[in-house]
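**Student:**
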Amino acid sequence: MRLDVWQELYRNLTPGVQPDQQSFAVDLGGQQILLPIRVLPEGDRAVVSLILNQASFRVLDLIADVLAERLAPLAPDVVVAVPTLGLPLAEAVARRLGHSRLVPLGYSRKFWYDEALSLPLSSITTPGGGKRLYVDPHMLPLLKNRRVLVVDDVLSSGASMRTVLALLDRAGIRPMAVGAAMLQGERWVEAVPDRVIGAFATPILTRRCDGWQTLG
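Using our numbering, the letters of the sequence shown correspond one by one to residues 229 to 444.
Below is the structure:
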(Lines of atoms letter the chains of each structure in order from A and count residues from 1; the text may use other names and numbers.)
(Lines give C-alpha, C1' and ligand atoms only; values in the text may rest on other atoms or scores of the structure.)
Protein backbone atom coordinates (compact mmCIF):
# COMPACT_ATOMS: atom_id res chain seq x y z
CA MET A 1 0.00 0.00 0.00
CA ARG A 2 1.47 3.34 -1.06
CA LEU A 3 1.88 6.04 1.58
CA ASP A 4 3.31 8.72 -0.70
CA VAL A 5 0.04 9.58 -2.45
CA TRP A 6 -1.34 13.17 -2.34
CA GLN A 7 2.01 14.36 -0.89
CA GLU A 8 4.21 15.58 -3.75
CA LEU A 9 3.97 17.66 -6.91
CA TYR A 10 5.46 16.12 -10.06
CA ARG A 11 6.29 17.33 -13.56
CA ASN A 12 7.18 14.03 -15.23
CA LEU A 13 4.12 11.82 -14.74
CA THR A 14 1.79 10.76 -17.53
CA PRO A 15 -1.81 11.36 -16.41
CA GLY A 16 -3.83 8.21 -15.79
CA VAL A 17 -3.24 4.82 -14.20
CA GLN A 18 0.41 4.42 -13.26
CA PRO A 19 2.54 1.31 -13.97
CA ASP A 20 2.22 0.16 -10.34
CA GLN A 21 -1.57 -0.24 -10.85
CA GLN A 22 -2.03 1.28 -7.40
CA SER A 23 -2.00 4.98 -8.24
CA PHE A 24 -3.44 7.48 -10.69
CA ALA A 25 -1.88 10.78 -11.78
CA VAL A 26 -3.89 13.91 -12.58
CA ASP A 27 -2.52 17.04 -14.21
CA LEU A 28 -3.11 20.49 -12.77
CA GLY A 29 -1.61 23.22 -14.92
CA GLY A 30 1.50 21.32 -15.90
CA GLN A 31 2.06 19.75 -12.49
CA GLN A 32 0.79 16.33 -11.48
CA ILE A 33 -0.44 14.89 -8.22
CA LEU A 34 -0.54 11.21 -7.44
CA LEU A 35 -3.73 9.69 -6.03
CA PRO A 36 -4.41 6.15 -4.80
CA ILE A 37 -6.70 3.69 -6.54
CA ARG A 38 -9.23 2.18 -4.11
CA VAL A 39 -10.95 -1.07 -5.11
CA LEU A 40 -14.72 -1.08 -4.57
CA PRO A 41 -16.30 -3.95 -2.58
CA GLU A 42 -17.39 -5.87 -5.69
CA GLY A 43 -13.72 -6.20 -6.63
CA ASP A 44 -13.93 -5.51 -10.36
CA ARG A 45 -14.23 -1.74 -10.17
CA ALA A 46 -12.21 0.97 -8.48
CA VAL A 47 -12.20 4.71 -7.90
CA VAL A 48 -9.49 7.29 -7.62
CA SER A 49 -9.43 8.59 -4.06
CA LEU A 50 -8.70 12.00 -2.55
CA ILE A 51 -8.67 12.71 1.20
CA LEU A 52 -7.76 16.35 1.57
CA ASN A 53 -6.98 16.38 5.27
CA GLN A 54 -4.32 13.74 4.59
CA ALA A 55 -2.81 15.70 1.69
CA SER A 56 0.32 17.80 2.01
CA PHE A 57 -0.13 21.55 2.16
CA ARG A 58 1.62 21.82 -1.22
CA VAL A 59 -1.00 19.59 -2.84
CA LEU A 60 -3.88 21.36 -1.11
CA ASP A 61 -2.49 24.74 -2.15
CA LEU A 62 -2.19 23.71 -5.80
CA ILE A 63 -5.75 22.35 -5.88
CA ALA A 64 -7.05 25.52 -4.20
CA ASP A 65 -5.11 27.71 -6.66
CA VAL A 66 -6.58 25.94 -9.67
CA LEU A 67 -10.12 25.81 -8.31
CA ALA A 68 -10.14 29.44 -7.15
CA GLU A 69 -8.90 30.60 -10.56
CA ARG A 70 -11.76 28.75 -12.27
CA LEU A 71 -14.34 30.07 -9.80
CA ALA A 72 -13.16 33.70 -9.70
CA PRO A 73 -15.03 34.76 -12.89
CA LEU A 74 -18.31 33.87 -11.12
CA ALA A 75 -17.59 36.57 -8.52
CA PRO A 76 -19.20 34.79 -5.54
CA ASP A 77 -19.97 36.89 -2.46
CA VAL A 78 -19.70 34.09 0.09
CA VAL A 79 -18.45 30.50 0.27
CA VAL A 80 -20.42 27.76 2.03
CA ALA A 81 -18.18 24.94 3.27
CA VAL A 82 -19.34 21.32 3.35
CA PRO A 83 -18.02 19.26 6.27
CA THR A 84 -15.77 17.59 6.93
CA LEU A 85 -13.24 17.22 4.13
CA GLY A 86 -14.57 20.22 2.24
CA LEU A 87 -13.64 22.61 5.06
CA PRO A 88 -9.91 23.04 4.37
CA LEU A 89 -10.50 23.48 0.65
CA ALA A 90 -13.36 25.94 1.18
CA GLU A 91 -11.23 28.08 3.47
CA ALA A 92 -8.32 28.07 1.03
CA VAL A 93 -10.59 28.98 -1.89
CA ALA A 94 -12.36 31.73 0.07
CA ARG A 95 -9.03 33.30 0.99
CA ARG A 96 -7.90 33.24 -2.63
CA LEU A 97 -11.15 34.89 -3.69
CA GLY A 98 -10.44 37.72 -1.26
CA HIS A 99 -13.11 36.80 1.27
CA SER A 100 -12.67 37.50 4.97
CA ARG A 101 -14.72 34.50 6.13
CA LEU A 102 -16.88 31.59 5.05
CA VAL A 103 -20.08 29.92 6.25
CA PRO A 104 -19.53 26.32 7.37
CA LEU A 105 -22.26 23.73 7.57
CA GLY A 106 -21.89 21.17 10.36
CA TYR A 107 -22.84 17.81 11.82
CA SER A 108 -22.87 18.94 15.45
CA ARG A 109 -26.13 20.39 16.75
CA LYS A 110 -25.77 23.45 18.98
CA PHE A 111 -28.59 24.20 21.40
CA TRP A 112 -29.70 27.29 19.47
CA TYR A 113 -30.05 25.44 16.15
CA ASP A 114 -33.41 24.94 14.51
CA GLU A 115 -34.13 21.28 13.77
CA ALA A 116 -36.14 22.42 10.75
CA LEU A 117 -32.85 23.67 9.29
CA SER A 118 -31.30 20.20 9.21
CA LEU A 119 -31.48 17.07 7.06
CA PRO A 120 -30.25 13.46 7.38
CA LEU A 121 -27.11 12.86 5.35
CA SER A 122 -25.79 9.86 3.47
CA SER A 123 -23.01 9.52 0.94
CA ILE A 124 -20.93 6.92 -0.89
CA THR A 125 -18.70 6.61 2.19
CA THR A 126 -21.56 6.68 4.74
CA PRO A 127 -24.43 4.91 2.93
CA GLY A 128 -26.20 4.03 6.17
CA GLY A 129 -26.57 7.64 7.15
CA GLY A 130 -26.64 8.34 10.87
CA LYS A 131 -25.58 11.96 10.47
CA ARG A 132 -27.57 15.15 10.24
CA LEU A 133 -26.42 18.23 8.39
CA TYR A 134 -27.11 21.61 10.00
CA VAL A 135 -26.89 25.25 9.06
CA ASP A 136 -26.48 27.74 11.89
CA PRO A 137 -29.54 30.06 11.74
CA HIS A 138 -27.32 32.94 12.84
CA MET A 139 -25.37 32.56 9.59
CA LEU A 140 -28.38 32.95 7.30
CA PRO A 141 -28.15 36.78 7.06
CA LEU A 142 -24.72 36.27 5.48
CA LEU A 143 -26.32 34.20 2.71
CA LYS A 144 -29.58 35.99 1.96
CA ASN A 145 -29.58 37.79 -1.39
CA ARG A 146 -25.90 36.95 -1.94
CA ARG A 147 -24.06 35.11 -4.68
CA VAL A 148 -23.44 31.86 -2.80
CA LEU A 149 -20.78 29.31 -3.78
CA VAL A 150 -20.75 25.85 -2.20
CA VAL A 151 -17.36 24.11 -1.91
CA ASP A 152 -16.76 20.41 -1.15
CA ASP A 153 -13.84 18.06 -1.62
CA VAL A 154 -15.26 15.38 -3.96
CA LEU A 155 -18.45 14.86 -5.94
CA SER A 156 -19.04 11.14 -6.44
CA SER A 157 -22.61 9.85 -6.21
CA GLY A 158 -23.83 13.40 -5.58
CA ALA A 159 -25.96 12.23 -2.62
CA SER A 160 -24.32 14.43 0.00
CA MET A 161 -24.30 17.50 -2.24
CA ARG A 162 -27.96 16.95 -3.06
CA THR A 163 -28.64 17.08 0.69
CA VAL A 164 -26.55 20.26 1.02
CA LEU A 165 -28.53 21.96 -1.73
CA ALA A 166 -31.84 20.78 -0.28
CA LEU A 167 -30.88 22.14 3.14
CA LEU A 168 -29.93 25.52 1.71
CA ASP A 169 -33.18 25.55 -0.25
CA ARG A 170 -35.08 25.09 3.02
CA ALA A 171 -33.40 28.28 4.20
CA GLY A 172 -34.34 30.09 1.00
CA ILE A 173 -30.80 29.98 -0.41
CA ARG A 174 -30.11 28.96 -4.03
CA PRO A 175 -26.35 28.71 -4.68
CA MET A 176 -25.10 30.00 -7.99
CA ALA A 177 -22.45 27.26 -8.31
CA VAL A 178 -20.76 24.28 -6.69
CA GLY A 179 -16.99 23.91 -6.59
CA ALA A 180 -15.08 20.71 -5.83
CA ALA A 181 -11.52 19.49 -5.90
CA MET A 182 -12.36 16.24 -7.71
CA LEU A 183 -15.29 15.20 -9.89
CA GLN A 184 -15.31 11.40 -9.56
CA GLY A 185 -17.02 9.53 -12.37
CA GLU A 186 -20.35 10.84 -13.66
CA ARG A 187 -22.98 9.61 -11.18
CA TRP A 188 -23.10 13.05 -9.54
CA VAL A 189 -24.30 14.76 -12.74
CA GLU A 190 -27.94 13.74 -12.35
CA ALA A 191 -28.00 14.51 -8.62
CA VAL A 192 -26.46 17.97 -8.83
CA PRO A 193 -28.18 20.04 -11.53
CA ASP A 194 -26.50 23.31 -10.55
CA ARG A 195 -23.39 24.68 -12.22
CA VAL A 196 -20.44 22.54 -11.08
CA ILE A 197 -16.77 23.42 -11.47
CA GLY A 198 -13.98 21.05 -10.44
CA ALA A 199 -10.22 21.35 -10.21
CA PHE A 200 -9.93 17.97 -11.98
CA ALA A 201 -11.98 14.90 -12.91
CA THR A 202 -11.24 11.19 -12.53
CA PRO A 203 -12.94 8.16 -14.10
CA ILE A 204 -14.40 5.02 -12.60
CA LEU A 205 -11.98 2.16 -13.32
CA THR A 206 -12.75 -1.42 -14.30
CA ARG A 207 -10.41 -4.41 -13.97
CA ARG A 208 -9.15 -5.94 -17.20
CA CYS A 209 -6.63 -8.71 -17.77
CA ASP A 210 -3.93 -6.11 -18.36
CA GLY A 211 -4.84 -3.91 -15.38
CA TRP A 212 -7.20 -1.06 -14.51
CA GLN A 213 -8.90 0.67 -17.42
CA THR A 214 -11.38 3.53 -17.68
CA LEU A 215 -14.93 2.20 -17.39
CA GLY A 216 -16.67 2.29 -20.73
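Positions of the beta carbon are idealized from the N, C-alpha and C atoms, including for glycine.
Quick one: residues in its chain with C-beta nearer than 6 Å to the C-beta of A427, no 5 flanking neighbours on either side, listed in chain order?
**Tutor:** The count along the sequence shown starts at 1 and reaches residue 427 at position 199. Answer for A427: I291, V294, L295 and A409, listed in chain order.
**Student:** Could you compute how far the alpha carbon of N257 sits from the alpha carbon of R298?
**Tutor:** Against the sequence shown, residue 257 aligns to sequence position 29. Against the sequence shown, residue 298 aligns to sequence position 70. Sequence inspection shows Gly at residue 257; the Asn mentioned does not correspond to that position. Cα to Cα, G257 sits roughly 12 Å from R298.
**Student:** Going by DSSP in three states, D438 sits in which element: helix, strand or coil?
**Tutor:** Numbered from its first residue, the sequence shown carries residue 438 at position 210. In this structure, D438 counts as coil in the three-state DSSP scheme.
**Student:** In this structure, how does DSSP classify R337 when only helix, strand and coil are distinguished?
**Tutor:** Indexing the sequence shown from 1 puts residue 337 at position 109. Correct three-state label for R337: coil.
**Student:** Do L330 and V307 have their CB atoms nearer than 7 Å?
**Tutor:** Numbered from 1 along the sequence shown, position 102 holds the residue referred to as residue 330. Numbered from 1 along the sequence shown, position 79 holds the residue referred to as residue 307. Result yes, Cβ atoms of L330 and V307 sit closer than 7 Å.
**Student:** Please tell me whether A274 and L268 are closer than 7 Å, where the distance is taken between their beta carbons.
**Tutor:** The residue you call residue 274 lines up with position 46 of the sequence shown. The residue you call residue 268 lines up with position 40 of the sequence shown. Yes, Cβ-Cβ distance for A274 and L268 is below 7 Å.
**Student:** Examine the Cβ distances between the region 321-329 and the region 420-437 and report whether three or more of them are shorter than 8 Å.
**Tutor:** Flag = no, the region 321-329 and the region 420-437 do not touch.
**Student:** Per DSSP, what are the beta-bridge partners of D397 in this structure?
**Tutor:** By one-based count along the sequence shown, residue 397 stands at place 169. D397 pairs with nothing; no bridge assigned.
**Student:** Along the chain, where does the alpha helix (DSSP H) that runs through P264 open and close?
**Tutor:** Translated into positions along the sequence shown, residue 264 becomes position 36. Segment Q259 to V267 is the beta strand (DSSP E) holding P264; no alpha helix (DSSP H) there.
**Student:** Starting from R402 and walking both ways along the alpha helix (DSSP H), at which residues does that stretch end?
**Tutor:** Looking up residue 402 in the sequence shown gives position 174. Note, R402: premise wrong, no alpha helix (DSSP H); not H, not E.
**Student:** Going by DSSP, what residues sit across from F428 in a beta bridge?
**Tutor:** Position 200 of the sequence shown, counted from the start, is the residue given in the question as residue 428. F428 pairs with M410.
**Student:** Using the Cα positions of L411 and L383, report the straight-line distance between them to the nearest angstrom.
**Tutor:** Position 183 of the sequence shown, counted from the first residue, corresponds to residue 411. Position 155 of the sequence shown, counted from the first residue, corresponds to residue 383. The alpha-carbon atoms of L411 and L383 are separated by roughly 5 Å.
**Student:** Can you give me the start and stop residues for the beta strand (DSSP E) that V308 sits inside?
**Tutor:** Here the question's residue 308 lines up with position 80 in the sequence shown. Per DSSP, V308 belongs to the beta strand (DSSP E) from V306 to A309.
**Student:** For V233, which residues from the same chain have a beta carbon less than 7 Å from its beta carbon, with the 5 sequence-adjacent residues on both sides left out?
**Tutor:** Looking up residue 233 in the sequence shown gives position 5. Result list for V233: S251, L262, L263 and P264, in chain order.
**Student:** With DSSP as the reference, label R423 as helix, strand or coil.
**Tutor:** In the sequence shown, residue 423 corresponds to position 195, counting from 1. In the structure shown, R423 sits in coil (DSSP, three-state: anything other than H, G, I, E or B).
**Student:** Measure the C-alpha to C-alpha separation of H366 and Y238 and round it to an integer number of angstroms.
**Tutor:** Counted from its first residue, the sequence shown places residue 366 at position 138. Counted from its first residue, the sequence shown places residue 238 at position 10. Computed Cα separation, rounded: 43 Å.
**Student:** Residues in the same chain with beta-carbon distance under 7 Å from P248, minus the five sequence neighbours each way, listed in chain order, please.
**Tutor:** Here residue 248 corresponds to residue number 20 of the sequence shown, with the count starting at 1. Sequence check: residue 248 is Asp here, not Pro. Cβ neighbours of D248 beyond the five flanking positions: none.
**Student:** Pick helix, strand or coil for R360, following the three-state DSSP scheme.
**Tutor:** For the purposes of this step, residue 360 is taken as the residue at position 132 of the sequence shown. In this structure, R360 counts as strand in the three-state DSSP scheme.
**Student:** If I measure Cβ to Cβ from V254 and keep anything under 7 Å in the same chain, skipping five residues before and after, which residues do I get?
**Tutor:** Within the sequence shown, the letter at position 26 stands for residue 254. Closer than 7 Å at the Cβ level, and outside the excluded window around V254, lie P243, Q260, I261, L263, F428 and T430.
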